[in-house]
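Asks: Chain order of the listed sequences is A and B.
Position 55, counted from 1, in the first sequence is what the numbering used here calls 51; the numbers after and before it change by one each time, with no gaps.
Position 27, counted from 1, in the second sequence is what the numbering used here calls 23; the numbers after and before it change by one each time, with no gaps.
Beta carbons are placed, not taken as given, at the ideal position from N, Cα and C, and that holds for glycine.
There are 2 protein chains.
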Amino acid sequence: MKYCSISEASAKFNISESKLRYYEKQGLLTRIERDKAGRRLFSEDQMALLETVLCLKNTHMPISSIKQYMDWIEEGENTVELRLEMMNKHKQAVLDEISSMTDSLKGIDFKITRYSERIQNRKNGEEER
Amino acid sequence: MKYCSISEASAKFNISESKLRYYEKQGLLTRIERDKAGRRLFSEDQMALLETVLCLKNTHMPISSIKQYMDWIEEGENTVELRLEMMNKHKQAVLDEISSMTDSLKGIDFKITRYSERIQNRKNGEEER
DNA sequence: ATACGACTTAAACTAGGGTTTAAGTCAACC
DNA sequence: GGTTGACTTAAACCCTAGTTTAAGTCGTAT
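#1: B:GLY72 versus chain A: which residues are under 7 Å apart at the beta carbon?
#2: Contact between the stretch -2 to 8 of chain B and the stretch 37 to 52 of chain B: three or more CB pairs below 8 Å?
#3: Going by Cα to Cα distance, which pick from A:ARG114, A:ASN54, A:ILE115 is closest to B:ASP92?
#4: Counting C-beta neighbours from all protein chains within 10 Å, is the total for B:ALA33 16 or more, i.e. buried, or is it exposed?
#5: Compare the beta carbon distance of B:ILE59 and B:GLN22 with 7 Å and say whether it is the shorter of the two.
#6: Tell me whether the stretch 77 to 84 of chain B and the stretch 105 to 114 of chain A touch, counting them as touching only if at least three CB pairs, one residue from each stretch, are closer than 8 Å.
#7: Taking Cβ-Cβ distances shorter than 7 Å, what residues in chain B pair up with A:SER61?
#8: Taking DSSP's pairing of strands, which residues face B:GLU29 in a bridge?
#9: Does the beta-carbon of B:THR48 have 16 or more other beta-carbons within 10 angstroms, so that it is buried, or is it exposed?
#10: How many Å lie between B:ALA7 and B:LEU16 at the Cα?
If you want it as structure tokens, here you go:
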């Protein structure tokens, strides 16, 4: 099995090493092995789990909830229903947030249109002088 | 012209009164009038500006940037280009964020599918006993 | 006139999410 | 064998975005 150092993991996911250490400290990443010098070694499994953590982070799940989810993964097969329920709820929350952002974007687009018109009108006015 | 009290504004936009006060204190809402007892009165113009603030908030623009934008609105016509540029940049940032969230959502959907399968397989296994 | 509810303020406090710091270990090169 | 560079830790610090608190004002109903 291939292992990644913290710098490799950091590069692969484009996330700072300090964040990786922070996530481990917060319990988002567990069972990370160490070499004899005490350096973190990320197994392929760990890298997959990390990718999941980053998906959840990226969709604004709070660290405490991600921790709960990762704890359930650790706990094993009898938490699959809980995990499914959590992911379904989170999916809906993400869809809601995206739709709310898309809505607000319409207001922003309206501003862009109006400002462009104003600038254009000013230019036309100048020509007529 | 019709004026809204803070409680009406709060109800209309479904935002707490303390946030409205906070936004005013941070300079996101300016020139809010007061009645003789010192209570805030939101004009229709103010309500429109507030809606804009909430659009920007909702799309994760930091308070300091929203303040810059509102200051430019106060400053008048000669900041229209700056405002247009800011809105264009922000629009792109929002589109990027939405697309990144949509990407991460695929990972979440994959989990949902896999968990559903595992639960289904378990049920099938039970039937066969 | 007094009690009540809605309103006000500045300032302190909280939570979330990191980053930085201080002090130290290890191993490989010169 | 000593310096260098990558790594480690716990704890302190920082910023953003609010919420809460303490103290007080106003005006209407009783």
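Replies: Taking the coordinates as given:
#1: Here residue 72 of chain B refers to the residue found at position 76 when the second sequence is read from its first residue. None at all; the shortest Cβ gap to chain A is about 12 Å.
#2: yes
#3: Residue mapping note: residue 92 of chain B aligns to position 96 of the second sequence, counting from 1. Here the closest residue by C-alpha is A:ASN54.
#4: By 1-based counting over the second sequence, the position of residue 33 of chain B is 37. Label assigned to B:ALA33: exposed.
#5: Mapped onto the second sequence, residue 59 of chain B falls at position 63. Mapped onto the second sequence, residue 22 of chain B falls at position 26. Against a cut-off of 7 Å, the Cβ pair of B:GLN22 and B:ILE59 comes out as a contact.
#6: yes
#7: Residue mapping note: residue 61 of chain A aligns to position 65 of the first sequence, counting from 1. Under the 7 Å cutoff, chain B gives no residues; its nearest Cβ is about 13 Å from A:SER61.
#8: As a position in the second sequence, residue 29 of chain B is number 33, starting the count at 1. DSSP output for B:GLU29 lists B:LEU37 as bridge partner(s).
#9: Here residue 48 of chain B is taken as the residue at index 52 of the second sequence, counted from 1. B:THR48 is buried by the Cβ-count criterion.
#10: Translated into the one-based positions of the second sequence, residue 7 of chain B becomes position 11. Translated into the one-based positions of the second sequence, residue 16 of chain B becomes position 20. Taking the straight line from one Cα to the other gives about 11 Å.
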